[in-house]
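Visitor:
Residue numbers (full-length UniProt numbering): 1 to 75.
1) Can you tell me whether DSSP reads residue 24 as helix, strand or coil?
2) Among 50, 55 and 17, which one has its Cα closest to the Cα of residue 39?
3) Are the Cβ atoms of residue 43 and residue 31 separated by less than 8 Å?
4) Identify whether residue 64 lies in helix, strand or coil by the three-state DSSP scheme.
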């Protein structure tokens, strides 16, 4: 397999842009190389939160209430 050549993108003052490899499956899936003027934000840590998935609530059926707005006085 041929070596991947690396391209350097430089800012007008000659400094290198900061690189970030972004993907959704670690190193095995598709990824993009993103370039930043400053260092990208880093994750300092994470914690598991409680389950916030919506739950189905059994309730009485809603009753249709027609609003006869055509009888309202006009402003």
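Positions of the beta carbon are idealized from the N, C-alpha and C atoms, including for glycine.
Guide: So, to answer that:
1) coil
2) 17
3) no
4) coil
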